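> Please read through the structure below; I'll follow up with questions.
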Amino acid sequence: MASGSGSPTLPAYVPGALMAVEDRRFRSHFGIDPIGLLRAALTNWRAGRVVQGGSTLTQQLAKNLFLTPERNLRRKVQEAP
C-alpha cells in the first residue's frame, strides 16, 4: 500500500503484529529484555546448542544498522542501548 507522497506505508496492524511475534514485552523494557534473555539461555542450554534468540526489536535494529554480523556475548552487549 502506498500513500499519495510516493512513500510506502504499513497497514495499521503491522507494528502490533511485529511486536507480538518478535518482542511481546516491547513496551515494558528499555531495550533489553532480561526475561527473554534468560528464557533463550535456558532453552539453548537444554538443547545443547543455539535454538532460540533473546534479542529485542531494539537490539535487532542496532545490530542491523550499526554492527557486524558476528554472534557472541560481546556483540550482544554492544547492542544494548
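Residue numbers in the sequence shown follow my numbering, run continuously in steps of one, and reach 91 at the last position. Glycine included, C-beta positions come from ideal geometry on N, C-alpha and C. As the structure is a computational prediction, the values presented were derived from the model and not from experiment.
1. Report yes if the CB atom of His-39 is closer than 9 Å to the CB atom of Thr-19, and no otherwise.
2. Should Gln-62 go down as buried or exposed, given a rule of 16 or more other Cβ atoms within 10 Å for buried?
3. Determine, using beta-carbon pairs with one atom in the region 27-47 and one in the region 64-81, whether at least three such pairs fall under 8 Å.
4. Flag this pair as yes or no: are the beta carbons of Lys-86 and Pro-79 separated by less than 9 Å?
5. The alpha helix (DSSP H) spanning Gly-46 covers which residue range?
On the basis of the supplied data:
1. no
2. exposed
3. yes
4. no
5. 44-57
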